[in-house]
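Read the structure below first, then the notes.
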Amino acid sequence: MATQQTRSLARFMMAPSVVLLLVWMVVPLALTLWFSFQQYNPLNPIRDGFVGVSNYALFYSNPAFLQSILNTLVLVISVLLITVIGGILLALLIDQPMWGQGIVRILVISPFFVMPPVAALVWKNMIMHPQYGVFADIARFFGAQPIDWFGQHPMTAIIIIVAWQWLPFATLILLTALQSLDGEQKEAAEMDGAGFISRFIYLTLPHMSRAITVVILIQTIFLLSVYAEILVTTNGGPGYASTNLPFLVYQKALLEFKIGQASAGGVIAVVLANIVAFFAMRAVGKNLDK
Numbered sequence: 001m002a003t004q005q006t007r008s009l010a011r012f013m014m015a016p017s018v019v020l021l022l023v024w025m026v027v028p029l030a031l032t033l034w035f036s037f038q039q040y041n042p043l044n045p046i047r048d049g050f051v052g053v054s055n056y057a058l059f060y061s062n063p064a065f066l067q068s069i070l071n072t073l074v075l076v077i078s079v080l081l082i083t084v085i086g087g088i089l090l091a092l093l094i095d096q097p098m099w100g101q102g103i104v105r106i107l108v109i110s111p112f113f114v115m116p117p118v119a120a121l122v123w124k125n126m127i128m129h130p131q132y133g134v135f136a137d138i139a140r141f142f143g144a145q146p147i148d149w150f151g152q153h154p155m156t157a158i159i160i161i162v163a164w165q166w167l168p169f170a171t172l173i174l175l176t177a178l179q180s181l182d183g184e185q186k187e188a189a190e191m192d193g194a195g196f197i198s199r200f201i202y203l204t205l206p207h208m209s210r211a212i213t214v215v216i217l218i219q220t221i222f223l224l225s226v227y228a229e230i231l232v233t234t235n236g237g238p239g240y241a242s243t244n245l246p247f248l249v250y251q252k253a254l255l256e257f258k259i260g261q262a263s264a265g266g267v268i269a270v271v272l273a274n275i276v277a278f279f280a281m282r283a284v285g286k287n288l289d290k
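Numbering-wise (the UniProt record's numbering), the sequence shown opens with residue 1 and increments by one.
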């Protein structure tokens, strides 16, 4: 058992890292909050000044705001459904004895190590291109008309790309949970006459529930900040069809140079992300306490 001295020593040794982390987090957040109440344009700095909540009102009244919120929610929910369900199925598949099992596992998790802009470029120019992409060749092979994914179905294309990137992460976490299942429990269920579906519903799935909750929590936090894939592929279009909240903030800051409105959007995004994280953490806590 740790004594009071060892606890004090541990706190003292952790203090520099904690302080550095707080400064690293608080300073940018404080500057963002301050700029959200300022009228600041780097191309015309003479017009600087305090404008109150006008930036928040202007950002909220932007015709793309509600659409960006909807697109953000659609992206997060869709990717979570694909990665959790697909991750469970892939984990069950690659957990079976097979030739070259190690190579298969490496191939399954390899997309997670590809940088988002690179992955988006590959999907845009080599897979989903309406003329030269793999999907277009497959469509023409079956006598169908190729689909212009980024023009006709931009959000679907973004969801596919992001889900492809995050599916390996979900698979790896869920596979780890699956392999921690006690073999004696599975053998006992088989001896009792339980089939594969019954074992999955009443034994495997409850055992994986904690891992599923962790996957949902971690992915939700990162999916709320998806940006690079949209910039590389659709640039938020057509119109606002694929604009999410982080991309709208980028447009205000680096395309329109409205730093105040972009900062207001950033504060709104932080608030929404913390609300989601709060409920997700509560769900994780309840699940882990079971």
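Glycine included, C-beta positions come from ideal geometry on N, C-alpha and C.
If you're wondering where the values come from, they're calculated on a predicted model, not measured in any experiment.
The continuous alpha helix (DSSP H) containing residue 55 extends over residues 54-61. By the C-beta density criterion, residue 144 is exposed, having fewer than 16 other C-beta atoms within 10 angstroms. Residue 216 and residue 80 do touch by the CB rule: their CB atoms are close to 6 Å apart, below 8 Å. Residue pairing by DSSP places residue 50 opposite 38 in a beta bridge. In the structure shown, residue 271 adopts helical secondary structure according to DSSP, grouped into three states. C-alpha of residue 224 to C-alpha of residue 76: approximately 7 Å in a straight line.
By the criterion of at least three beta-carbon pairs nearer than 8 Å, the stretch 234-252 is not in contact with the stretch 105-115.
One thing to note: residue 174 has its Cβ within 8 Å of the Cβ of residue 212. If the five residues before and after residue 69 are omitted, its C-beta is found closer than 7 Å to the C-beta atoms of 245, all from its own chain and listed in chain order. Judged by DSSP in its simplified three-state form, residue 216 adopts helix. Assigned with DSSP and collapsed to three states, residue 123 falls in helix. Annotation: the continuous alpha helix (DSSP H) that includes residue 78 extends over 65-94. Rounded to whole angstroms, residue 37 and residue 266 show a C-alpha spacing of 12 Å. Just so you know, the alpha carbons of residue 168 and residue 89 end up roughly 12 Å apart.
Minimum Cα-Cα distance from residue 44 among the listed residues 277, 5 and 260 corresponds to 260. The beta carbon of residue 42 sits closer than 8 Å to the beta carbons of 257 and 259 from its chain, once the five residues preceding and following it are set aside; these are given in chain order. Taking a C-beta distance under 8 Å as the contact criterion, residue 208 and residue 177 qualify as a contact pair.
Out of 137, 64, 4 and 97, the CA that lies nearest to the CA of residue 250 is found in 64. Cα atoms of residue 16 and residue 10: separation of roughly 11 Å, rounded to the nearest angstrom.
Residue ranges of uninterrupted alpha helix (DSSP H) with 4 or more members, entirely inside the stretch 144-181 and ordered along the chain, are 149-152 and 154-179. For the pair residue 232 and residue 121, the CB atoms are nearer than the 8 Å cut-off.
For residue 268, the number of other beta carbons within 10 angstroms of its own is at least 16, and it is reported as buried. When the five nearest sequence neighbours on each side are left out, the beta carbons in the same chain lying within less than 8 Å of the beta carbon of residue 29 are those of 270, in order along the chain. Take the alpha-carbon of residue 25 and the one of residue 18: they are about 11 Å apart. Following the DSSP letters along the chain, one finds residue 230 inside the alpha helix (DSSP H) bounded by residues 228-233. Residue burial is scored here from C-beta neighbours: residue 59 has at least 16 other C-beta atoms within 10 angstroms and is therefore classed as buried.
Closest in alpha carbon position to residue 165, among 200, 153, 198 and 117, is 117.
Here DSSP, grouped into helix, strand and coil, assigns residue 224 to coil.
Only residues of its own chain outside the window of five on either side were considered, and among them 207 have a CB closer than 6 Å to the CB of residue 181, listed in chain order.
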